[in-house]
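Participant: Taken in order, the sequence shown gives residues 428 to 905; the numbers are from our numbering.
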Amino acid sequence: MSVGAAMLALGTLTALATIVPALVLLDRAARAEALGEAHTRAAAVAEVLALTGREAAVADALARAGETVRVHGLPGRPDVESWVGEAHVERAADAAAAAEHAVAGGAVHLLPVQIGERTAVVEAFVPADRLRGGGAGRGWFGWGGAGVIVAGYVLLGDVLARRITRPARNLRAAALALGDGNLAARVAPAGPRELADACAAFNRMADRLAQSRTNERELVADLSHRLRTPLTVLRLDADTLVGAPEPDGNALDTGELFLGTEEEADRRRTLRRIRQAVASLEHEIDVLIRATREVVAAEPSGDQFCDATEVVRDRMHFWSAVAGDQERPCAVLGTGRPAPVRVSRTELVAALDAVLGNVFRYTPQGTPFEVAVSRRDGYVAVRVDDGGPGISDPDRALRRGASDTGSTGLGLDIARRATLSAAGSVSVDRARLGGASVVMLFRDAEAAMPVPNRFGLVGRLAGEPGGPLWPRQRRSGR
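1) Buried or exposed, going by whether 16 or more other CB atoms sit within 10 Å of the CB of Ser707?
2) Taking three-plus beta-carbon pairs below 8 angstroms as touching, is the region 808-819 in contact with the region 858-868?
3) How would you label Ser639, buried or exposed, when you count the other beta carbons within 10 angstroms and need 16 or more for buried?
4) Does Thr773 come out as helix, strand or coil in the three-state DSSP assignment?
5) Look at the alpha carbon of Pro556 and the alpha carbon of Ala457, and state the distance between them as a whole number of angstroms.
6) Per the DSSP calculation, Cys757 is bridged to which residue(s)?
7) Could you tell me which whole beta strand (DSSP E) segments of length 3 or greater appear in the region 522-590?
8) Touching or not, the region 731-739 and the region 796-806, by the rule of three or more beta carbon pairs under 8 angstroms?
9) Looking only at its own chain, which residues have a Cβ that is under 7 angstroms from the Cβ of Ala872, when we skip the five neighbours before and after it?
10) Mapping the DSSP letters down to three states, classify Pro448 as helix, strand or coil.
11) Using 8 angstroms as the threshold, is the C-beta distance between Val516 and Glu482 below it?
12) How is the beta strand (DSSP E) around Arg870 delimited, first residue to last?
13) Assign Asn597 to one of two classes, buried (16 or more other C-beta atoms within 10 Å of its C-beta) or exposed (fewer than that).
14) Please confirm whether Thr794 and Asp813 have their CB atoms less than 8 angstroms apart.
15) In this structure, does DSSP put Arg802 in helix, strand or coil?
16) Enumerate in chain order the residues of its own chain whose CB-to-CB distance from Thr832 is below 8 angstroms, with the five nearest sequence positions on each side excluded.
17) Rounded to whole angstroms, what's the CA-CA distance from Ala758 to Asp752? Just pull it up for me.
18) Can you give the Cα-Cα distance for Ile542 and Val507, rounded to whole angstroms?
19) Within the same chain, show all residues whose beta-carbon is closer than 6 angstroms to that of Pro594, passing over the 5 residues directly before and after it, in chain order.
20) If you run the structure through DSSP and keep just helix, strand and coil, what is Ala808?
21) Are the CB atoms of Ala612 and Ala633 nearer to each other than 8 angstroms?
22) Got a sec, what are the start and stop residues for the beta strand (DSSP E) Ser509 sits in?
23) What is the residue span of the alpha helix (DSSP H) that Val739 lies within?
24) Would a C-beta distance cut-off of 8 angstroms place Val511 and Val530 closer than the cut-off?
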């Protein structure tokens, strides 16, 4: 049963329980009042009969009492027709006691009076409308009051139903949306306390589901990046065994590598298979990273933060060890103070590993590189410089990073996506070491307002008149 139907039934029962007894009491009171008035009129006539008995006095008393009062058994006067019947009149005279009888159209009051040796009976008639206290008007008034009570209960039921059913419908809609995969579905707590508590519990459950999904995605992305890093090292070790490959990675496919003994040819074929397996794994990991990032980006989430200097220090523990194996001089600058950025740690780690992986992949062994962190004017810049051959066309390299073909290009696609998510940018220029300088610009997490004229310009760290926009930091590493 709905709330409205329940309130209608309750209102009807309340009206019946209130109005019906009231109407019964009113009818009884009206009947008693009418019969009491009839007794008064009959008693006035009986008093005249008992005191004087004169014809003129009796006629005058009957005239004052009205046509509804008659006298039976009066000596010297003919009997008149009785409303109740002669038998009831004689019985009242014999009993010498007042009596009341219901008749057609009303009721009568019989009052015996002793006149000498005979007993007369005064009969007073009360019409039915007088017995009902005013007729149908009072009844209609009562039933109208009953209708008002029922209508009030119906309106109250409608208000209560809206207060209960609307939050319940909202909770149902949010639950269906959550079941369909919308992790942003929430419901505003409303209604009775129990329903509001249920809404709050649903919101907590949805928050935990969303956080679990985010943690799952971040875990997948983090594991992918952690797998990608040792694969890069494995590929570099394979390159070391066969000699430095060409930048296009096809050196092992040339016939020159198969010159020499049969044992040397077998070794090279084995290394080629290793290289191919590593390349296949790298491709699969790239696909996994890209898919995970797209899913995470499609899901609404709040602002995420991390410390760029902490990320740089943590990742350079690994990359500096790899650099030592390849006799690459490396330096870490500007990590002496925090540099919070508006990007998740997973995003920043992926971007930094992608850029550093390019340094190891596309520059000869022994090539120096450095990583620097700068914080200024509402932005944080993470700069990676190397002493390799550099990038002849930086604009084309950036376009490759933004390619729609599915290729990561020079790894700048990951860096570009990470910076764009933090209202930043990526720039490529000539480094002080002679090679490429890749600068990832992120919005400072503690900055109140961005500085528009700095957007996209922080990558020009050297070679500008008046000095660089971002002066190089004092070396804090080796």
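No residue lacks a Cβ here, since even glycine has one placed at the ideal position from N, Cα and C.
Facilitator: The structure says:
1) Under the 10 Å beta carbon count, Ser707 is surrounded by fewer than 16 other beta carbons and is classified as exposed.
2) Yes: at least three Cβ pairs fall under 8 angstroms.
3) Only exposed fits Ser639, as fewer than 16 other CB atoms lie within 10 angstroms of its CB.
4) Correct three-state label for Thr773: helix.
5) In the sequence as presented, Pro is not what sits at residue 556; that position holds Asp. When rounded, the distance between both Cα atoms is 10 angstroms.
6) Answer is Phe796.
7) For the region 522-590, the full-length beta strand (DSSP E) segments reaching 3 residues or more read 526-530, 533-542, 545-554 along the chain.
8) Because the criterion of three Cβ pairs below 8 angstroms is met, the region 731-739 and the region 796-806 touch.
9) Cβ-Cβ distances below 7 angstroms link Ala872 to Phe732, Pro767, Val768, Arg769 in the same chain, with the five nearest sequence neighbours on each side left out; the list follows chain order.
10) In the structure shown, Pro448 sits in a helix (DSSP, three-state: H, G or I).
11) Contact flag unset, no.
12) Per DSSP, Arg870 belongs to the beta strand (DSSP E) from 863-870.
13) Buried.
14) Yes, Cβ-Cβ distance for Thr794 and Asp813 is below 8 angstroms.
15) The answer is strand: DSSP assigns Arg802 an E or B state.
16) Confidence in Thr832 is poor, its pLDDT being 36 and thus under 50, which makes the residue's placement unreliable; the coordinate value appears in the next sentence. For Thr832, where only same-chain residues beyond five positions count, there are no Cβ hits under 8 angstroms.
17) Whole-angstrom Cα-Cα distance: 15 angstroms.
18) If you draw a straight line from the Cα of Ile542 to the Cα of Val507, it is about 18 angstroms long.
19) Within the same chain, Pro594 has close Cβ partners Ala617, Gly618, Leu622.
20) Strand.
21) Yes.
22) Here Ser509 belongs to no beta strand (DSSP E), and DSSP marks it neither H nor E.
23) If you look at Val739, you'll find it in the alpha helix (DSSP H) that goes 735-752.
24) For Val511 and Val530, yes; Cβs fall inside 8 angstroms.
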